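Student: Pasting a structure here, questions to come.
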Amino acid sequence: MAKRGGFPGGMPGNMNNLMKQAQRMQRQMEEKQKELEEKQYSASAGGGAVTVTVSGKKEVLSVKLSEEVVDPDDIEMLEDLIVAATNEAFRQAEEDSSQMMSQLTGGLGGLGGGFPF
C-alpha cells in the first residue's frame, strides 16, 4: 500500500536545498542592491556642455554646465540638454542593475524561470 502524504523519493531534502539556494540568492541580491546604490553614473549631452551625475538610488547628485551653454536667450535648449543627460545617466544605472541581476539569477528572469509564484 502506498504511503499517503509526504514526498516520494526524498523530496524534503531537495526542498531544503531549494530553500537554502533561495536564501543564498536573496542575500546576494541584497548585497548587489547595496553595491548598486553606492555607485554613481554620469552622462553628458551637447558635446559635454551638460553633465549629470546620478546615484544607484536614482537620485540626481550633480549637474555641471559649461559656461557657453548658459544662454539667457535659449533656456529651452539648456533644459533639453539637462533632461537628455539625466535620462542617459538613469539608463546607464538601470542597464548596470539589469546586468548585475541577470548574472545573479543566471538569466532566469522573474522569480525562477516559469514558476507560477
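In terms of the UniProt record's numbering, the sequence shown opens at residue 1 and continues consecutively.
In this text, a Cβ means the ideal position worked out from N, Cα and C, and glycines have one as well.
All figures in this text were calculated on a predicted structure; none of them were measured in a lab.
#1: Which same chain residues, not among the five before or five after Lys20, have their C-beta less than 7 Å away from its C-beta?
#2: Between which residues of its own chain and Gln99 is the CB-CB distance below 6 Å, once the five residues before and five after are set aside?
#3: Helix, strand or coil, according to DSSP, for residue 174 in the structure here?
#4: Is Lys32 closer than 8 Å to Gly56 when the C-beta atoms are compared?
#5: Helix, strand or coil: which one does DSSP assign to Lys20?
#6: The beta strand (DSSP E) with Ser62 in it runs from where to where?
#7: For Tyr41 versus Gln103, is the C-beta spacing smaller than 8 Å?
#8: Looking only at DSSP bridge pairs, what is Val69 linked to?
#9: Count the other CB atoms, across all protein chains shown, that sit within 10 Å of the CB of Leu81; report buried if there are 16 or more and exposed otherwise.
#10: May I have the straight-line CA-CA distance separating Val54 from Gln28, to the nearest angstrom?
#11: Keeping to the same chain, check which residues put their C-beta closer than 6 Å to that of Glu88; ignore five residues upstream and five downstream.
#12: Distance check for Pro72 and Ala45, CA to CA, integer angstroms please.
Tutor: The structure says:
#1: If you ignore the 5 residues before and after Lys20, its C-beta comes within less than 7 Å of no other C-beta in its own chain.
#2: Closer than 6 Å at Cβ, skipping near neighbours: no residue.
#3: In this structure the chain extends from 1 to 117, so residue 174 is not present and cannot be described.
#4: For Gly56 and Lys32, no; Cβs fall outside 8 Å.
#5: Reduced to three states, the DSSP call for Lys20 is helix.
#6: Taken as a continuous stretch (DSSP letters only), the beta strand (DSSP E) holding Ser62 covers Val60 to Leu65.
#7: Taking 8 Å as the Cβ cut-off, Tyr41 and Gln103 do not qualify as a contacting pair.
#8: Beta bridge pairing from DSSP links Val69 with no other residue.
#9: A buried status is given to Leu81, since no fewer than 16 other beta-carbon atoms sit within 10 Å of its beta-carbon.
#10: The straight-line gap from Cα to Cα measures roughly 24 Å.
#11: Closer than 6 Å at the Cβ level, and outside the excluded window around Glu88, lie Ala43.
#12: The alpha-carbon atoms of Ala45 and Pro72 are separated by roughly 18 Å.
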